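**Q** Pasting a structure here, questions to come.
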Amino acid sequence: MPISTKTFNDQAIRGIARLSEQANAFQEQIATGKKDLRPSQDPVGAARLSSIKEIQADLRRFTDNLGVAKTRLGLADKVLESVQSILIRTNELAIQGANATNSQTDRQAIRAEIDQLRESLIGLANTADDRGQALFGGYVMRDSPFVQERSGAVRYEGDSGQTTVLASDRLMIPTGISGADAFMRVTTDDGPVSIFEIFSGLSAALETADQATAALTMQSGRVRIDINAPRTPQRHEITIHGPLGSARISAELMAGAPEALVKAINDSGTGVKAVAEDNGSGLFVEAEDGGEFGFRDYRIAGLTVASSLVNNGLIITAVDAQGVATGTRRVLADADQAIEAAIGQLRTGIEHLGLQRARIGAQYNAADIQSEALARKELLLAETRSGIEDADIAEVISKLQSLLVNRDAAQQVFAKLSQQSLFDYLR
Numbered sequence: 001m002p003i004s005t006k007t008f009n010d011q012a013i014r015g016i017a018r019l020s021e022q023a024n025a026f027q028e029q030i031a032t033g034k035k036d037l038r039p040s041q042d043p044v045g046a047a048r049l050s051s052i053k054e055i056q057a058d059l060r061r062f063t064d065n066l067g068v069a070k071t072r073l074g075l076a077d078k079v080l081e082s083v084q085s086i087l088i089r090t091n092e093l094a095i096q097g098a099n100a101t102n103s104q105t106d107r108q109a110i111r112a113e114i115d116q117l118r119e120s121l122i123g124l125a126n127t128a129d130d131r132g133q134a135l136f137g138g139y140v141m142r143d144s145p146f147v148q149e150r151s152g153a154v155r156y157e158g159d160s161g162q163t164t165v166l167a168s169d170r171l172m173i174p175t176g177i178s179g180a181d182a183f184m185r186v187t188t189d190d191g192p193v194s195i196f197e198i199f200s201g202l203s204a205a206l207e208t209a210d211q212a213t214a215a216l217t218m219q220s221g222r223v224r225i226d227i228n229a230p231r232t233p234q235r236h237e238i239t240i241h242g243p244l245g246s247a248r249i250s251a252e253l254m255a256g257a258p259e260a261l262v263k264a265i266n267d268s269g270t271g272v273k274a275v276a277e278d279n280g281s282g283l284f285v286e287a288e289d290g291g292e293f294g295f296r297d298y299r300i301a302g303l304t305v306a307s308s309l310v311n312n313g314l315i316i317t318a319v320d321a322q323g324v325a326t327g328t329r330r331v332l333a334d335a336d337q338a339i340e341a342a343i344g345q346l347r348t349g350i351e352h353l354g355l356q357r358a359r360i361g362a363q364y365n366a367a368d369i370q371s372e373a374l375a376r377k378e379l380l381l382a383e384t385r386s387g388i389e390d391a392d393i394a395e396v397i398s399k400l401q402s403l404l405v406n407r408d409a410a411q412q413v414f415a416k417l418s419q420q421s422l423f424d425y426l427r
């Protein structure tokens, strides 16, 4: 193999360069505190570090998701707390309005405040989160899922979906409840009603308090009953009491057809008898011995809250033996037309919101627990990562000093040898 001075010099220079490169690598480790984990230097360490970085990136995404969930859940709880406060205030006003000492003018003033509280309630139901997405819209993220129609009724344009975020590889955490659950499904004895319907019903009950009654008792005598109902059959239930006791009766009634109610009264066994008016739509009712009788807890199928127009009910008028009116007409309306019924529904609404807040609280706690679990996992990963990539500074400095000594010695040897040529040694 031919040997020349140039070959010798090149080999020496490359060797010194490698030593300098290693020295630079050690100096970088001292400056950063990290090992050289390039795949060419430490393939096993590089693979482990890459895996840990991927897991940490996933944990950061899960943590960010939980932050979003906790923000939305916290905001939802605050909104429902405000809604509860509105219902509690409305309940106080309703109790005040139910006081018999109030005039209709007083009730109208109370009604005005309740209507204003209802407007505030709609605004709260349409609250958006910090990203502008509806808080109670379900999967529908539009700004205002609750839309007030010209009639005053509130329509829900969201859905019953429950938004969630990924909090781990397999765990989904809810970020709130839908507007349908929060506001539209208050369970009452008459079926589900919305919070907005309860407010509308209370307002209507205050408006019609002097037009209708929920119970009526006659000390004696005879009454004429006219059925104020639509042309389609509708189930009516009422408690009737007479000399022989009380009974709950029901009949399918429609305008101009009193026969079903006549039969139900005569079959009640209460000592109250009824007879249909000749060629008319009404009926006459009286106790068999001329004693006391009455009606209460009147229920009409399909009516769940009070109406501002009392279109359905029984119109009762005291009459003499010839059927001539001897007193004023009284409207016996569905029991939900009474202010007291609206108060009961308000209290049910307050309880309903309490349950919804409990659901949100449970979801928030689940998110909080998962956040703590992720924090612990992140800490363990950080410790493991530190063990892989953190350099032992004392060891690196020792290696660097040894390497610098070797490099300096090699440079000195090369400098001395490079002053002579190969022919000097051959002579």
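The numbers in the numbering used here rise by one with no breaks, and the one at position 387 of the sequence shown is 387. The beta-carbon is built from N, C-alpha and C at its ideal position, and this holds for glycine as well. Bear in mind that the values here come from a model prediction, so they are computed numbers and not experimental data.
1. One question on the structure: do Pro243 and Phe284 come within less than 9 Å of each other, judged by their Cβ atoms?
2. Is the stretch 261-273 in contact with the stretch 319-330, if contact means three or more CB pairs nearer than 8 Å?
3. Which residues in the same chain as Thr439 place their Cβ atom closer than 7 Å to its Cβ, once the five residues preceding and following it in sequence are excluded?
4. Please state whether DSSP places Ser50 in a helix, a strand or coil.
5. Restricting to runs no shorter than 3 residues, where is the beta strand (DSSP E) found entirely within the stretch 51-120?
6. Is it the case that the Cβ atoms of Ile238 and Leu332 are separated by a distance below 9 Å?
7. Just reading off the beta strand (DSSP E) that Leu166 is part of, what are its end residues?
8. For Thr326 versus Gly201, is the C-beta spacing smaller than 9 Å?
9. Around the Cβ of Tyr139, are there at least 16 other Cβ atoms within 10 angstroms (buried) or fewer (exposed)?
10. Tell me, to the nearest whole angstrom, how far the beta carbon of Tyr506 is from that of Gly74; I am working on the premise that it is less than 8 Å.
11. Do we get a CB-CB distance below 9 Å when we pair Gln96 with the residues of chain B?
12. DSSP three-state call for Pro145: helix, strand or coil?
13. Buried or exposed for Thr304, going by 16 or more other Cβ atoms inside 10 Å?
14. Going along the chain, which unbroken runs of the alpha helix (DSSP H) with 4 or more residues stay wholly within the stretch 193-219?
15. For Gly123, count neighbouring C-beta atoms within 10 Å of its own C-beta (all shown protein chains included) and say buried if the count is 16 or more, exposed if not.
16. For Arg296, list the residues DSSP reports as bridge partners.
17. Skipping 5 residues on each side, what residues in its chain have a beta carbon closer than 8 Å to that of Gly349?
18. Between Thr270, Val68, Ser203, Asp64, which has its C-alpha nearest Ala342's C-alpha?
**A** According to the data block:
1. Mapped onto the sequence shown, residue 243 falls at position 243. Mapped onto the sequence shown, residue 284 falls at position 284. Contact flag unset, no.
2. no
3. This structure does not reach residue 439, given that the chain is present from 1 up to 427, and the question cannot be answered.
4. Numbered from 1 along the sequence shown, position 50 holds the residue referred to as residue 50. If DSSP states are grouped into helix, strand and coil, Ser50 belongs with the helices.
5. none
6. Translated into positions along the sequence shown, residue 238 becomes position 238. Translated into positions along the sequence shown, residue 332 becomes position 332. Yes, these two residues count as a Cβ contact at 9 Å.
7. Position 166 of the sequence shown, counted from the first residue, corresponds to residue 166. Leu166 -> beta strand (DSSP E) spans 164-166.
8. For the purposes of this step, residue 326 is taken as residue 326 along the sequence shown, with counting starting at 1. For the purposes of this step, residue 201 is taken as residue 201 along the sequence shown, with counting starting at 1. No; because the gap between Cβ atoms is not below 9 Å, this pair is not in contact.
9. In the sequence shown, the residue the question calls residue 139 occupies position 139. Answer is exposed; the Cβ neighbour count stays below 16.
10. The requested residue 506 is not part of the displayed model; the chain covers only 1 to 427.
11. Chain labels in this structure do not include chain B; a single protein chain is all it has.
12. The residue you call residue 145 lines up with position 145 of the sequence shown. In the structure shown, Pro145 sits in coil (DSSP, three-state: anything other than H, G, I, E or B).
13. As a position in the sequence shown, residue 304 is number 304, starting the count at 1. Buried: at least 16 other Cβ atoms inside 10 Å.
14. 195-207
15. To locate residue 123, count along the sequence shown from 1; it is residue 123. By the 10 Å Cβ count, Gly123 comes out exposed.
16. On the sequence shown, residue 296 is found 296 positions in, with the first residue counted as 1. Ala215, Thr239, per the DSSP bridge assignment.
17. As a position in the sequence shown, residue 349 is number 349, starting the count at 1. Cβ neighbours of Gly349 beyond the five flanking positions: Leu87, Val186, Ile195, Ile198.
18. Taking the first residue of the sequence shown as position 1, residue 342 is located at position 342. Out of Thr270, Val68, Ser203, Asp64, Ser203 has the C-alpha closest to the C-alpha of Ala342.
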